[in-house]
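Enquirer: Okay, handing you the structure first.
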Amino acid sequence: MALHFVRSPVVSSARALTARVIGFVLALGLGALVLGIAGFDSLHLGRQIIVKSLGSQFGLEDLGLLYTPLLLTGLAVTVMARMGLWNIGADGQFYLGAFVTTAIGLFIKGPEPFMLVLMFFAGAAGGALWILVPTLAKAYAKVDEIITTLLLNFVALLLVYYVATGPWRDRVSGTTASTGRVPYKMPDFFGSLHWGFVIALAAPILFALALRYTKWGYEVRLSGANPDAAHYAGIPVRRRLITIMLLSGAIAGIAGMLEVAGTVHRLQGGISNNYGYLGVMVAVLARGSALGVIAGAFLMALILNAGIILQTQGLTTSAVLALTGLIMLFTAIADQFAHYRLVRPRAATA
Amino acid sequence: MIDLKNINRRRFMGLAGMTAAASMVPWKVRQALAATPLPAVKEEDAIIGFGHVGPISDEGWTYSHHQGLEAVKAAFPKAKYLEVENIPFSADCTRIYRQMVSDGANMIFSTSNYGDLIYEVSDRATDVAWFECDGRRPADNLSGYYIQHWYPTYVVGIAAGLLSKTGKLGYVASFPVPSVFSGTNAFLMGARTVNPNATLQAVVINSWFDPQGAKQAGTALADNGCDFLFGIMDEAAYLQVAEERGIWAAMWNTDIRRYGPKAYVSSIVLDWKDYYVEQVKKRLAGEWTGGEETLLPMGKGIDRDAWGERVPADVAAKADAVRDKMLKEGWSPFVGEIKDAEGTVRVPAGHRMTEDELYNWDWSIEGVSGLKV
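Protein chains in written order, with our numbering: chain F, 5 to 354; chain V, 272 to 644.
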């Protein structure tokens, strides 16, 4: 009797996780095999990655600094995914958060703690402002948010390039295409790792709690699961959609604020480092769970950090990109496979 | 009495200017200050890192630095080497250099200027010898180095002025930074010596390596009537545009005429080998101190490439006559009066721009458009 696959629509977390782990291990195995054929000592490389990212102060600092923006952009995408929406514009909102933070840092003078608080809220407002038009277009005209949020990324990038190489250009060192140094700095607590990391780590937890234990959270969950039923139940779906989208933008804006105030201290074209787009990958890894973002962003930070270590070990960037892609591909395949179960059809009765 | 500790750079330039002869070969723009040299390193213990802005396969900027690294490898085969390509202008840059330091690097060459993203690491890793190409903030453990590209650019500009029929020159620019200002200004100044009505239009594409963006910019410039394209890209994309459109182009970094043999006029070619080998030698011998700013002069690190196959002999000869004058007599064309794009006199009559002024040029001369900051 032939075996066959049956698709089940719901997957338990344990099953999903097992599939993920298998996929991840297979991807690493395949990568190691290819590297081995190319003449690299894969085991040595693997050991280097673990020792250098988790076994040294430098490695942990770097990991933390990568982890911080990924937590927030991953959360920004996940927040909207709870309403069944895709925020592909977290990169643009990140840029706007960084832009507003820099504007305040460069042109307003004040005591540092006050300035940091001001920059924090301004960064959030900047991110929210950048998603305002897509939000209103979605809420009132049903315009696809994927397109509008994506396209605004390019506008934000050009805006940042314009001010960083034009009116706000650094006139002290006058070399790189960046603004002057922002004089207010998030305090460090572990080498160069700053308190922004703690904020970023707290954000998904706070959101998960709000979603789980507040009326607002319940309404958001219901609106995301079934907008028609939610509407019928008297939930103001449109208002929830607007707050969720603005919140998503604000979170990505905070990521930009922390990158300026904590890590880079200047505004420049490359500052987003694709964190907004990587946030989409984190959200996919997190499977719509706010707490899953903590794990997904960690894995992504580890992969990116491994990429840097591998480059100093002689691998080209293309090889590193291919490895990252391989891991993502296998994760996606594993997610699908988790839905399937191998079944032996029961013997026909009569 | 000169206080060496608190000397500022401008003042130092003045002092250096007084002592240096008025030639075009101030090999060192800024000498190392009285710092103790870093201790000697045995060749087999040396770990030397190189970080690049683009891919080695660009056949341009990054490739030229990679050739420099190859020369160092040949000279010091027992040392270990780390090389990373495609470093972005983000905190990733800091991470990569921090990784090199934790891998034990004794010397790190950043072949592009990342500014603070490097200093974040270099200021803490004081036992490492650091180099920042096009850098402008030397420290006891960090030297800047670059090339006096304005001289060969002026020479190629003369050829452009002679070859262009419309007098409209196009320039594919990365960012509005000093290299681009000195490049566009020198190029147009050269062209104007033979065609006083020549103008230059620049398009900024916000990248050093973006073949697609450079191609679009080149096409737009050609559409605007430019019949000579120049630029400062790490690769050859706009040369291919010029070849297709039947116009002229001059390039940077290496001889890449094979991508457009008919359009190719010349290139601002780079050679970092001697500089790199010399610096590594000093570090290993325990004689290296930082704090320098070196601008490699024409003939020793930078030059024009052999002329393209369709460049008429008289054009080449006219441009080369000026090159000879620069090389033999130390002649400089960058003498006032020079006005900016608004018509204000920025270099007074008779003043010869110093290498430092040329290196930090941050305004456009009359006739350049598209670069206002």
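Backbone N, C-alpha and C define an ideal beta-carbon position, used for all residues, glycine too.
(1) Where are the alpha helix (DSSP H) runs, 4 residues long or more, that stay fully inside the segment 203 to 236 of chain F, in chain order?
(2) Once you ignore the five residues that flank Ser-414 of chain V on each side, which residues in its own chain have a CB closer than 6 Å to its CB?
(3) Residues of chain V with CB closer than 9 Å to the CB of Arg-185 of chain F, please, in chain order.
(4) Counting only Cβ pairs nearer than 7 Å, list the residues of chain V close to Leu-69 of chain F.
(5) Going along chain F, which residues have a C-beta under 8 Å from Glu-356 of chain V?
(6) I need the straight-line Cα distance from Phe-193 of chain F to Glu-314 of chain V, nearest angstrom please.
(7) Bridge partners for Gly-502 of chain V per DSSP, in chain order?
(8) What does Pro-359 of chain V reach in chain F if we use C-beta pairs closer than 7 Å?
(9) Can you list, in chain order, the residues of its chain with a C-beta nearer than 6 Å to that of Ile-273 of chain V? Leave out the 5 residues immediately preceding and following it.
(10) Mind listing the chain F neighbours of Met-371 of chain V? Cutoff is C-beta to C-beta under 7 Å, in chain order.
(11) Give the single residue among F:Trp-134, F:Tyr-222, F:Thr-82, F:Val-10 whose Cα lies nearest to the Cα of Phe-98 of chain F.
(12) Helix or strand or just coil, what does DSSP make of Met-378 of chain V?
(13) Please classify Leu-30 of chain F: does DSSP put it in a helix, a strand, or coil?
(14) Identify which residue in F:Leu-156, F:His-269, F:Gly-27 has its Cα closest to the Cα of Pro-138 of chain F.
(15) Whose C-beta lies closer than 7 Å to the C-beta of Thr-22 of chain F among residues of the same chain, with five residues either side of it excluded?
(16) With DSSP run on the structure shown, which of helix, strand or coil describes Ser-383 of chain V?
(17) Of all the CB atoms in chain V, is at least one closer than 7 Å to the CB of Ile-53 of chain F?
(18) Please say whether Ile-53 of chain F and Ala-310 of chain F have beta carbons closer to each other than 7 Å?
(19) Taking only three categories from DSSP, how would you classify Asn-524 of chain V?
(20) Quick one: which residues of the segment 205 to 222 of chain F get their C-beta closer than 7 Å to a C-beta of chain V? List them in chain order.
(21) Using only CA atoms, which one of V:Cys-364, V:Gly-406, V:Tyr-416 lies nearest to Glu-391 of chain V?
(22) What first and last residue would you give for the alpha helix (DSSP H) that runs through Arg-516 of chain V?
(23) Determine whether the beta carbon atoms of Leu-64 of chain F and Ile-255 of chain F lie at a separation below 7 Å.
(24) Return the Cβ separation of Leu-598 of chain V and Met-624 of chain V in integer angstroms, given the expectation that the two are a contact with Cβ distance under 8 Å.
(25) Indicate whether at least one CB of chain F lies closer than 7 Å to the CB of Arg-366 of chain V.
(26) Can you give the beta carbon distance from Phe-499 of chain V to Ala-431 of chain V, rounded, assuming they're within the 8 Å contact cut?
(27) Pick helix, strand or coil for Lys-589 of chain V, following the three-state DSSP scheme.
(28) Can you list, in chain order, the residues of its chain whose CB lies under 8 Å from that of Pro-409 of chain V, leaving out five sequence neighbours each side?
(29) Buried or exposed for Gly-43 of chain F, please, with buried defined as at least 16 other CB atoms from any protein chain shown within 10 angstroms of its CB.
(30) For Pro-447 of chain V, return the contacting residues in chain F, with the cut-off set at a CB-CB distance below 8 Å.
(31) Comparing alpha-carbon positions, which option in V:Trp-543, V:Asp-387, V:Leu-388, V:Arg-575 lies nearest Val-536 of chain V?
(32) Helix, strand or coil: how does DSSP classify Arg-291 of chain F here?
(33) For chain F, find out if any of its Cβ atoms is closer than 7 Å to the Cβ of Asn-477 of chain V; answer yes or no.
(34) Specify, as a first and last residue, the run of the alpha helix (DSSP H) that Arg-369 of chain V falls within.
(35) Residues of chain F with CB closer than 9 Å to the CB of Leu-353 of chain V, please, in chain order.
(36) Verify whether the separation of the beta carbon atoms of Pro-423 of chain V and Ile-318 of chain V is less than 7 Å.
Expert: Let's see:
(1) 219 to 229, 231 to 236
(2) One-based indexing of the second sequence puts residue 414 of chain V at position 143. So the list reads Phe-402, Gly-561, Glu-563, once near-sequence residues are dropped.
(3) For the purposes of this step, residue 185 of chain F is taken as residue 181 along the first sequence, with counting starting at 1. Those within 9 Å of Arg-185 of chain F in chain V are Asp-387.
(4) Your numbering for residue 69 of chain F matches position 65 in the first sequence. Those within 7 Å of Leu-69 of chain F in chain V are Ala-362.
(5) In the second sequence, counting from the first residue as 1, residue 356 of chain V sits at position 85. Gln-315, Thr-320, Thr-321, listed in chain order.
(6) Translated into positions along the first sequence, residue 193 of chain F becomes position 189. Translated into positions along the second sequence, residue 314 of chain V becomes position 43. Distance between the alpha carbons of Phe-193 of chain F and Glu-314 of chain V is about 38 Å.
(7) Residue numbering aside, residue 502 of chain V sits at position 231 when the second sequence is read from its first letter. Note: Gly-502 of chain V sits in a beta bridge opposite V:Val-443.
(8) Here residue 359 of chain V is taken as the residue at index 88 of the second sequence, counted from 1. Gly-274, Asn-277, listed in chain order.
(9) If you number the second sequence from 1, residue 273 of chain V lands on position 2. Only weak support exists for where Ile-273 of chain V lies, its pLDDT of 37 falling under 50; the value from the coordinates is given anyway. Correct list: empty, nothing qualifies.
(10) Translated into positions along the second sequence, residue 371 of chain V becomes position 100. In chain order: Thr-316.
(11) What you label residue 98 of chain F is simply residue 94 of the first sequence in a count that begins at 1. If we check each option's Cα against that of Phe-98 of chain F, F:Trp-134 comes out closest.
(12) In the second sequence, residue 378 of chain V corresponds to position 107, counting from 1. Three-state result, Met-378 of chain V: strand.
(13) What you label residue 30 of chain F is simply residue 26 of the first sequence in a count that begins at 1. Three-state DSSP puts Leu-30 of chain F in a helix.
(14) Here residue 138 of chain F refers to the residue found at position 134 when the first sequence is read from its first residue. Answer by Cα proximity: F:Leu-156.
(15) Here the question's residue 22 of chain F lines up with position 18 in the first sequence. Excluding sequence neighbours, Thr-22 of chain F sits near nothing in its chain.
(16) Residue 383 of chain V sits at position 112 when you count from the first residue of the second sequence. It is coil, neither helix nor strand.
(17) Numbered from its first residue, the first sequence carries residue 53 of chain F at position 49. Judged by the 7 Å Cβ criterion, Ile-53 of chain F is not in contact with chain V.
(18) Looking up residue 310 of chain F in the first sequence gives position 306. Looking up residue 53 of chain F in the first sequence gives position 49. A contact, by the Cβ cut-off of 7 Å.
(19) Counted from its first residue, the second sequence places residue 524 of chain V at position 253. Correct three-state label for Asn-524 of chain V: strand.
(20) none
(21) Within the second sequence, numbered from 1, the residue matching residue 391 of chain V stands at position 120. With distances taken between Cα atoms, Glu-391 of chain V lies closest to V:Cys-364.
(22) Numbered from 1 along the second sequence, position 245 holds the residue referred to as residue 516 of chain V. Where Arg-516 of chain V is concerned, the enclosing alpha helix (DSSP H) stretches over 508 to 516.
(23) The count along the first sequence starts at 1 and reaches residue 64 of chain F at position 60. The count along the first sequence starts at 1 and reaches residue 255 of chain F at position 251. No, they are not a contact pair.
(24) What you label residue 598 of chain V is simply residue 327 of the second sequence in a count that begins at 1. What you label residue 624 of chain V is simply residue 353 of the second sequence in a count that begins at 1. Leu-598 of chain V to Met-624 of chain V, Cβ: 18 Å. No contact.
(25) Translated into the one-based positions of the second sequence, residue 366 of chain V becomes position 95. Taking Cβ atoms only, chain F reaches closer than 7 Å to Arg-366 of chain V, which makes this a yes.
(26) To locate residue 499 of chain V, count along the second sequence from 1; it is residue 228. To locate residue 431 of chain V, count along the second sequence from 1; it is residue 160. Confirmed, Cβ separation roughly 5 Å.
(27) Residue 589 of chain V sits at position 318 when you count from the first residue of the second sequence. Lys-589 of chain V falls in the helix class under three-state DSSP.
(28) Indexing the second sequence from 1 puts residue 409 of chain V at position 138. For Pro-409 of chain V, where only same-chain residues beyond five positions count, the Cβ hits under 8 Å are Arg-301, Gly-415, Gly-561, Gly-562, Glu-563, Glu-564.
(29) As a working note, residue 43 of chain F is residue 39 in the first sequence. The residue is exposed, with fewer than 16 neighbouring Cβ atoms inside 10 Å.
(30) By one-based count along the second sequence, residue 447 of chain V stands at place 176. Those are Thr-169, Gly-170, Arg-173, Ala-181, listed as they occur along chain F.
(31) Along the second sequence, read from residue 1 onward, the residue named residue 536 of chain V stands at position 265. Measuring from the Cα of Val-536 of chain V, the nearest candidate turns out to be V:Arg-575.
(32) Residue 291 of chain F sits at position 287 when you count from the first residue of the first sequence. DSSP places Arg-291 of chain F in coil when its eight states are reduced to three.
(33) Residue numbering aside, residue 477 of chain V sits at position 206 when the second sequence is read from its first letter. Yes, its Cβ sits closer than 7 Å to a Cβ of chain F.
(34) Locating residue 369 of chain V in the second sequence gives position 98, where the first residue counts as 1. Per DSSP, Arg-369 of chain V belongs to the alpha helix (DSSP H) from 362 to 373.
(35) Residue mapping note: residue 353 of chain V aligns to position 82 of the second sequence, counting from 1. Within 9 Å Cβ-Cβ: Gln-315, Thr-316, Gln-317, Gly-318.
(36) Within the second sequence, the letter at position 152 stands for residue 423 of chain V. Within the second sequence, the letter at position 47 stands for residue 318 of chain V. Cβ distance not < 7 Å, so Pro-423 of chain V and Ile-318 of chain V don't count as in contact.
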